[in-house]
Structure formats: C-alpha cells, structure tokens
Amino acid sequence: MKNIAIYPGSFDPITNGHIDILKKATELFDTVILAVAEATTKDHLFDGAERERLCRESTKYLQRVEVTKFDGLIVDYARKVGAKAMIRGLRAVSDFEYELQLALMNKHLDSKINTVFLIPDYKYFYLSSSLIRQVVSLGGDVSVFIPTCVENALKERLLGTEN
Ligand code: ADP
C-alpha cells in the first residue's frame, strides 16, 4: 500500500521554505499531495487557481508530488485521497501554538490522520509568504527565497511589471 501524505496550506504564494518542507516530506512518503486551500480566513493576494498554478509550476521537477486544490475540512479531503498523514512546517517558536491547536483539532476530527511536523533549513526559518509579499511590494529583491515564476507573478501583481 502506498504511503500518502497531504501538505495543506494557503500558499499565497509558495516560497522556497514550503518547497524545502515538501522535498523533506517526499523522503518519508511515497506520494505527497500539496493541497491548496481554496477559501481560508485570510485575505489572499492570489486566488485559488493562481496559487495552485504557481505551486504546480514551482514543483513540476519534483517526483512523487501532486498539486491539488481543496475546499472544506482538510481531514475530509485527506480521507478522500487516502492520506494517513498531514505535513506541516514548523518555523520559529511562533508557529508552535497555532500548529499544535490545529493538529489537536484535526486529531479530534479524525484520529487516524496524524500530523507530521517538519523543520526547514535555517535559511528559511524566518521566511513567510506575507513577508515576501511585503518586501516585493516595496521593490526589494527576494529572488533567493522564491521560485522565478512566483517572483514574476508577484511583480506583475504588486508592481505592474514582470522583470
Ligand atoms: P496556512 O495558511 O495553512 O498556515 P501557509 O501557506 O502559510 O498556510 O503554510 C503552510 C504550512 O507551511 C504551514 O505549516 C506553515 O507553517 C509552513 N511554512 C510556511 N512557510 C514556511 C517556511 N519558510 N519554512 C517551513 N515551513 C513553512
């Protein structure tokens, strides 16, 4: 039986920090499904289809990774695709409280699906999609932290240019 994990998030937009976690997850599971949350409580810069497109484009060279979009409860989606684990990334201590709450709630909703926390490389430890959006909007260069397609999409959306 294949070991399937799901990596859910808003990915607004995907960064090299997310990709680092994804690569680590593929070393542990046969298939990792990156699942883009269509609607969340956050205000998004990119809509669901665009976030999914950028995730797909940025990870196309990775084997055993699939990109999808989902709506509703992540545990329901995980069950539907046969995933027995949910991947989440842990950065600085600030992530811990929220991630623990989420993991415990998901465990309550479906006790068979476990959350697996992975830690990124140091260089991505303080990286977030919101910081990337902010710096790009002010004209800063963050090209070492994001895939080229994401950089182009951000520049187009936030500055009205694409390189
Ligand atoms: P969400 O809105 O569900 O928090 P995000 O796209 O912000 O979605 O993040 C998805 C997951 O990836 C979360 O577990 C988050 O902690 C993790 N993550 C985000 N950025 C990084 C990073 N730089 N390094 C490691 N994990 C990260």
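11 is the number of the first residue of the sequence shown in my numbering; add one for each residue after it.
Note that beta-carbon positions come from the ideal geometry of N, C-alpha and C, so glycine has one too.
Everything numeric in this text was worked out from a predicted model, so none of it was measured.
Suppose the cutoff is 6 Å on Cβ atoms and the five residues either side in sequence are ignored; what does the same chain contact list for residue 117 look like? none
Residue 156: beta carbon under 8 Å from a heavy atom of the ligand ADP? no
Specify which residues have a beta carbon nearer than 7 Å to any heavy atom of the ligand ADP, listing them in chain order. 18, 19, 20, 21, 22, 25, 27, 28, 30, 31, 47, 50, 52, 98, 99, 100, 101, 105, 109, 130, 134, 135, 137, 138 and 139
Counting Cβ pairs closer than 8 Å, one from the region 88-103 and one from the region 47-67, do we hit at least three? no
For the candidate residues 51, 62 and 11, whose alpha-carbon lies nearest to that of residue 17? 62
Would residue 45 and residue 12 qualify as a contact pair, given that the criterion is a beta-carbon distance under 9 Å? At a Cβ-Cβ threshold of 9 Å, residue 45 and residue 12 do not count as neighbours.
Is the beta carbon of residue 63 within less than 8 Å of some heavy atom of the ligand MN? Absent from the structure shown: the ligand MN. Ligands present: the ligand ADP.
Endpoints, alpha helix (DSSP H) assigned at residue 125: That residue, residue 125, is in no alpha helix (DSSP H); its beta strand (DSSP E) goes 124-128.
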